[in-house]
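S.K.: Okay, handing you the structure first.
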Ligand SMILES: Cc1cc2nc3c(=O)[nH]c(=O)nc-3n(C[C@H](O)[C@H](O)[C@H](O)COP(=O)(O)OP(=O)(O)OC[C@H]3O[C@@H](n4cnc5c(N)ncnc54)[C@H](O)[C@@H]3O)c2cc1C
Ligand SMILES: Nc1ncnc2c1ncn2[C@@H]1O[C@H](COP(=O)(O)O)[C@@H](O)[C@H]1O
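Chains as they are written, first to last, in the working numbering: chain H, 1 to 258; chain Z, 259 to 562.
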């Protein structure tokens, strides 16, 4: 059985974002990168299935982006993926979700994966489109926002998380694609031996030009912080002072006795 | 201009978020038609045509068939926009419709600025304007971003909608949310722990602050997913919706799914080391500090 997991490398969300020179995305300077949080759950689930299936299965991890994304691919290999595919694209941020999905579908089409895992959304773009669009382009069944995943005999059974914590139980036959939600599993930390083993695993490099066949369907030329709407106060400084000020506010608002 | 609105129906009921879609259509000055896979006894108050497909036949979740139904309505109405809520129903279905028509999709619109769509990015810390380049486009709207001014009005002209075919995802039923052992909805004061608290061992520090204030302990989702706090304490879209007199967010960034569960609180204090954290948007007081230093000091002072 052939498995694929798609991962994105994103900046640490606690970073301070600065606008780049062309004004359409963040400046890459001074940012620390990591694997998109949702994709960690996707990798873990794919690796668990790979382990369940044993040697009859092969799991590829794919990421589109500049050279730095190889770090994220290596992490996924150390978590247990068998091989990597790096679609080299220094300007992936200029592509719309349709193009990113088309690139993945183009790469995947002749490889006939049985099951594809993606995150439900990326933390930086958050379009929540790419997984389902890949499935549509490949003609696969798909379901989003899984918080539970089981596989047996060519059938995926999953639980989709709905608003209010209700779950919807769904079932589909392969080939299929699932998008993974936070809390689906507990992503493992790569161990040192596995990090060493991962160094020997193959990472195929594919120039994006080989797999980009589509024009974009939407465009974005702006990136800016939200206009501050709330008139809240910001308190900064020494902890003892902050505590005094907070107690003052709590008393004034009658949350604690004066 | 025409907008085709996609209503939602769950567990035998029409969902109220259709009125957010109607509000959005009003904002962009579009006439509307609506699609609902539901039943005739539960139609929204709205104008225009309502394409009604029978839920008994098409199920509450059958993305392939629901897509075909929407495509059938699209060919009748020729809309400029096909509008969904950015909900578990919308984000699942919208890309299927967009891909079938090979048209742009703009996800989770928060605002309309001069006819363009503003969306959030980087965990809501930043914004972008996204412009469709195709004549028609699909948009999904952030929950709560648009609301109607007055009461919804009107009676739609109901037209039955039918398509042939099966589906490739089988819906086996719902599983209820986990039972709650605390009803945060009744709490007057809630102090919530987020990932910024750092580790499970630090939760008692936040619980102690909650106790010192006479309130309940709440939590953001990652804290619950990691098993630091039980699910019944989770605040947000997939947890509980609360509106206490005082909400203290400790090490919580303020993602939309968390805000949706607590932004109606009367008074909000956020403790966060990041001055730019989006929780600042809704906080009455944002304390820029390390919560593991501030919370114990505050608890101690309150105990005195
Ligand atoms: C469909 C869906 C449903 C969801 N439902 C929910 C839901 O019901 N509830 C929910 O909460 N989330 C929900 N989420 C997840 C949500 O998108 C966010 O991922 C989550 O709310 C983030 O939690 P957090 O703020 O605790 O963590 P982070 O986003 O990681 O934020 C941690 C914050 O702590 C601050 N911090 C770090 N260290 C310190 C320190 N020492 N002192 C002070 N501050 C510090 C950081 O600056 C940061 O702002 C949902 C997501 C999806 C896609
Ligand atoms: N550059 C990329 N490379 C590989 N996979 C990606 C990339 N961007 C997005 N994805 C996948 O698509 C999912 C949804 O992303 P998005 O539609 O941007 O919210 C992510 O969780 C990833 O699994």
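Just so it is clear, CB atoms sit at the ideal spot from N, CA and C, and this is done for glycine as well.
Please read these numbers as outputs of a predicted model, since none were measured by experiment.
1. Please determine if the stretch 217–226 of chain H and the stretch 80–98 of chain H are in contact, where contact requires at least 3 C-beta pairs separated by less than 8 Å.
2. If I measure Cβ to Cβ from residue 45 of chain H and keep anything under 7 Å in the same chain, skipping five residues before and after, which residues do I get?
3. Per DSSP, residue 155 of chain H is paired with what?
4. Measure the Cβ-Cβ separation of residue 361 of chain Z and residue 325 of chain Z and say whether it is below 9 Å.
5. Report the partner residues of residue 83 of chain H according to the DSSP bridge assignment.
6. What does the alpha-carbon distance come out to for the pair residue 165 of chain H and residue 440 of chain Z?
7. Between which two residues does the alpha helix (DSSP H) containing residue 277 of chain Z stretch?
8. Mark residue 287 of chain H as exposed unless 16 or more other C-beta atoms lie within 10 angstroms of its C-beta, in which case mark it buried.
9. Along the chain, which unbroken stretches of the beta strand (DSSP E) at least 3 residues long are found entirely within the stretch 266–343 of chain Z?
10. Considering only the beta carbon of each residue, do residue 141 of chain H and residue 322 of chain Z sit closer than 9 Å?
11. If I'm right that residue 549 of chain Z touches residue 520 of chain Z with Cβ under 8 Å, what's the distance once you round it to whole angstroms?
12. With contact counted as at least three CB pairs below 8 Å, one residue from each stretch, are the stretch 305–314 of chain Z and the stretch 283–293 of chain Z in contact?
13. Given a limit of 9 Å on CB to CB distance, which residues of the stretch 218–234 of chain H reach chain Z?
14. Out of Z/468, Z/405, Z/409, which one is the CA nearest neighbour of residue 303 of chain Z?
15. For a cutoff of 9 Å on Cβ pairs, would you count residue 170 of chain H as touching chain Z?
16. Using a Cβ cut-off of 9 Å (strictly closer), state whether residue 142 of chain H contacts chain Z.
17. Please list, in chain order, the chain H residues whose beta carbon lies closer than 8 Å to that of residue 404 of chain Z.
18. On the CB-based measure, 16 or more other CB atoms within 10 Å of its CB, does residue 192 of chain H come out buried or exposed?
19. Would you decide whether residue 259 of chain Z is buried or exposed? Buried here means 16 or more other CB atoms lie within 10 Å of its CB.
20. Could you say if the stretch 426–446 of chain Z and the stretch 325–344 of chain Z meet the contact criterion of at least three C-beta pairs nearer than 8 Å?
21. Across which residues does DSSP place residue 495 of chain Z in a beta bridge pair?
22. Leaving out five residues before and five after residue 490 of chain Z in sequence, what residues of the same chain have Cβ atoms less than 6 Å from its Cβ?
23. Determine whether the beta carbon atoms of residue 546 of chain Z and residue 234 of chain H lie at a separation below 9 Å.
24. Return the CA-CA distance between residue 485 of chain Z and residue 473 of chain Z, expressed in angstroms with no decimal places.
25. Could you tell me the distance, in whole angstroms, from the CA atom of residue 425 of chain Z to the CA atom of residue 557 of chain Z?
26. Flag residue 486 of chain Z as yes if its beta-carbon sits less than 9 Å from any beta-carbon of chain H, otherwise no.
27. The alpha helix (DSSP H) spanning residue 248 of chain H covers which residue range?
28. Using a Cβ cut-off of 9 Å (strictly closer), state whether residue 363 of chain Z contacts chain H.
29. Any heavy atom of ligand 2 closer than 8 Å to the CB of residue 6 of chain H?
30. Can you tell me where the alpha helix (DSSP H) with residue 463 of chain Z in it begins and where it stops?
31. Closer than 8 Å to a non-hydrogen atom of ligand 2 - does that hold for the CB of residue 52 of chain H?
M.R.: Let's see:
1. yes
2. 117, 149, 180, 184, 185
3. H/152, H/173
4. no
5. Here residue 83 of chain H is bridged, per DSSP, to H/60.
6. 15 Å
7. 276–286
8. Residue 287 of chain H lies beyond the stretch modelled for chain H, which goes from 1 to 258, so this question has no answer here.
9. The stretch 266–343 of chain Z contains, as complete beta strand (DSSP E) runs of 3+ residues, the segments 289–296, 307–312, 339–343 (chain order).
10. In contact: residue 141 of chain H and residue 322 of chain Z (Cβ atoms closer than 9 Å).
11. In fact, because the Cβ distance is near 17 Å, the residues do not count as touching under 8 Å.
12. yes
13. Listed by position along the chain: 218, 219, 220, 221, 222, 223, 224, 225, 226, 227, 228, 229, 230, 231, 232, 233, 234.
14. Z/409
15. yes
16. yes
17. Those do not exist, as residue 404 of chain Z stays about 15 Å from chain H at its closest Cβ, beyond 8 Å.
18. exposed
19. exposed
20. With contact defined as three or more Cβ pairs closer than 8 Å, the stretch 426–446 of chain Z and the stretch 325–344 of chain Z are not in contact.
21. BP columns for residue 495 of chain Z are empty, so no partner.
22. Same-chain partners within the cutoff: 438, 439, 440.
23. yes
24. A straight-line Cα-Cα distance of about 21 Å links residue 485 of chain Z and residue 473 of chain Z.
25. A straight-line Cα-Cα distance of about 56 Å links residue 425 of chain Z and residue 557 of chain Z.
26. no
27. 239–252
28. yes
29. yes
30. 461–470
31. False, no ligand heavy atom lies under 8 Å from that Cβ.
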